[in-house]
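For the sequence shown, position 15 (counting from the first letter as 1) is numbered 36 according to our numbering, and the numbering increases by one without interruption.
Where a beta carbon is used, it is the ideal one built from N, C-alpha and C, also for glycine.
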Amino acid sequence: MNIIVIGPQGSGKGTQADLIGPKIGAAKLSTGDLFRAEIAAETPLGLRVKEILASGNLVEDELTLAIVDERLNTLASDGISSYIFDGFPRTTAQAVGLDQLLETRGQKVDAVIELTVPEDVLIERMSSRRVCSGCGANYNLAFQTTQRDDICDQCGGQLVQRPDDMPGAIRKRLQLYNDLTKPLLDFYGARGLVTTVDGNQDVERVQEAIVHALSAAAINSEA
Ligand code: AMP
């Protein structure tokens, strides 16, 4: 089963994809994680996209589709053929491209989960998000405390704020979501694939609602 989680930054897409993926035997594919790994490894692609990520802008569709294609090949060579997409697609061109990438592999998009969260809550969540500069672990100071202030519990590294979680970049990312990504709800809605889930509740409640929606989608796709 191939699932897309759509929602603005801070809506909990990554957290939910991490939780749901193992439950349904799907590998999480997060383009944000892929780009951040390229930046950390200082590859030519990483150097090219570093500024784009820091500003909150979107990487070009062609580059994004290429990195997804490559990742799908790697996962397929590991015998994995079920995916949960997090942060991708973000534009109509990417959604069309994803259809093609899946079609060439005899697959399709089976369900789309939209996570909704009020904008003031999103801003609060993103502003309190921290990432470990050592191991990349994610924290949110609004929900979690670490044993030592600003120090990673897992590796002892310094916690830092992602450049794209700074106020200017947050506003830019929310605007891009509204302008470019939200229209995908119509794109997939026309195929009857979208279920909207309230993302402004406990992580466990959101997870239950998604699992419920996916069971219904699985029944529909078999009918
Ligand atoms: P995320 O971790 O999903 O919030 O992504 C972080 C940043 O990576 C975004 O603000 C974009 O700069 C870039 N990015 C991630 N996914 C995409 C995508 N599907 N298309 C274009 N840019 C992306």
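- Taking C-beta atoms as the reference points, Gln-30 and Leu-195 count as a pair closer than 9 Å.
- Note: Gln-179 is bridge-paired with Ile-172 in the DSSP secondary-structure output.
- When secondary structure is reduced to three states using DSSP, Thr-137 falls in the strand class.
- Here Arg-183 has Val-152 as same chain residues with Cβ atoms under 6 Å from its own Cβ, once five neighbours each way along the sequence are excluded.
- The residues Lys-129 and Val-130, in chain order, have a CB closer than 8 Å to that of Asp-120 in the same chain once the five nearest residues on each side in sequence are set aside.
- For the pair Met-147 and Leu-55, the Cα-to-Cα distance works out to about 20 Å.
- Val-181 sits exposed, since fewer than 16 C-beta atoms from the chains shown fall within 10 Å of its C-beta.
- For Pro-110, the CB falls within less than 8 Å of some heavy atom of the ligand AMP.
- Within the same chain, and ignoring the five residues on either side of Leu-205 in sequence, the residues whose Cβ sits closer than 7 Å to its Cβ are Ile-27, Pro-110, Thr-113 and Ala-116.
- Ala-48 sits away from Leu-79, with the two beta carbons spaced by 9 Å or more.
- When the five nearest sequence neighbours on each side are left out, the beta carbons in the same chain lying within less than 8 Å of the beta carbon of Thr-167 are those of Tyr-160, Cys-173, Asp-174 and Leu-180, in order along the chain.
- For the pair Ser-149 and Leu-136, the CB atoms are not nearer than the 9 Å cut-off.
- Annotation for Ala-75: Pro-184, Asp-185 and Ala-190 place their beta carbon closer than 8 Å to its own, counting only its chain and skipping 5 residues before and after.
- Its Cα nearest to that of Gly-213, the residue Leu-235 stands out among Leu-235, Glu-229, Gly-220 and Val-227.
- Apart from sequence neighbours up to five positions away, no residue of its chain approaches Asp-200 with a beta-carbon distance below 7 Å.
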